[in-house]
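A.B. asks: Just dropping this structure here.
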Amino acid sequence: MSPGYLVHAHAGSRDNCTSQTVDHLFRECPRFGKLRLDHEFLCGHLGLSPYLLRSLMRKRPALKSYTDMVNSILSDLKKFNNT
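All the letters of the sequence shown, read from the start, carry residue numbers 67 to 149 under this note's numbering.
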């Protein structure tokens with residue numbers, strides 16, 4: 067997704083974020099902090115890097131946590147934009 071698409075999609079209109087990139091949404095955006103914290107906590111417990119696919123693939127629960135987080139964020143954005 068391009069930053070222009072995300073702005074058009076109103077991804078940033080409910081917070082004061084200046085950068086609406088995919089990386090920002092998955093790793094920094096306060097709007098999704100709870101999802102991210104849960105994922106990062108699990109990965110920390112498992113001794114894995116939370117955003118490196120090679121690391122996540124070592125443990126099925128970590129990979130599932132990441133895909134659940136990403137799907138939840140994308141679902142929330144779709145609901146917000148009625149798509």
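We put the beta carbon where it would ideally sit given N, CA and C, even for glycine. Note that the structure is predicted; figures quoted are calculated from it, not measured.
For Pro127, which residues in the same chain have their Cβ closer than 8 angstroms to its Cβ, ignoring the five residues on either side in sequence?
C.D. replies: Position 61 of the sequence shown, counted from the start, is the residue given in the question as residue 127. Take Pro127, set aside five residues on each side of it, and the residues of its chain with a beta-carbon closer than 8 angstroms to its own are Leu108, Leu112, in chain order.
A.B. asks: Do Ser131 and Asp104 have their C-beta atoms within less than 9 angstroms of each other?
C.D. replies: Numbered from its first residue, the sequence shown carries residue 131 at position 65. Numbered from its first residue, the sequence shown carries residue 104 at position 38. Against a cut-off of 9 angstroms, the Cβ pair of Asp104 and Ser131 comes out as a contact.
A.B. asks: To the nearest angstrom, how far is it from the Cα of Leu118 to the Cα of Met135?
C.D. replies: Along the sequence shown, one-based indexing puts residue 118 at 52. Along the sequence shown, one-based indexing puts residue 135 at 69. Distance between the alpha carbons of Leu118 and Met135: 14 angstroms.
A.B. asks: Considering Cα atoms alone, identify which of Arg102, Ser121, Glu94 is closest to Asn137.
C.D. replies: Position 71 of the sequence shown, counted from the start, is the residue given in the question as residue 137. Ranking Arg102, Ser121, Glu94 by Cα distance to Asn137 puts Arg102 first.
A.B. asks: My output table needs one value for Thr87: the three-state DSSP class, helix, strand or coil.
C.D. replies: Position 21 of the sequence shown, counting from 1, holds the residue named residue 87. The answer is coil: DSSP assigns Thr87 none of H, G, I, E or B.
A.B. asks: Starting from Gly113, trace the alpha helix (DSSP H) both ways and give me its first and last residue.
C.D. replies: Position 47 of the sequence shown, counted from the first residue, corresponds to residue 113. Gly113 -> no alpha helix (DSSP H), and no H or E assigned at all.
A.B. asks: Rounded to whole angstroms, what is the Cα-Cα separation between Cys83 and Ile139?
C.D. replies: Within the sequence shown, residue 83 is the residue found at index 17, counting from 1. Within the sequence shown, residue 139 is the residue found at index 73, counting from 1. Approximately 15 angstroms, taken between the alpha carbons.
A.B. asks: Using a threshold of 9 angstroms, state whether the C-beta atoms of Pro54 and Glu106 are closer than that.
C.D. replies: A query on residue 54 cannot be resolved here, the shown segment of the chain reaching from 67 to 149 and no further.
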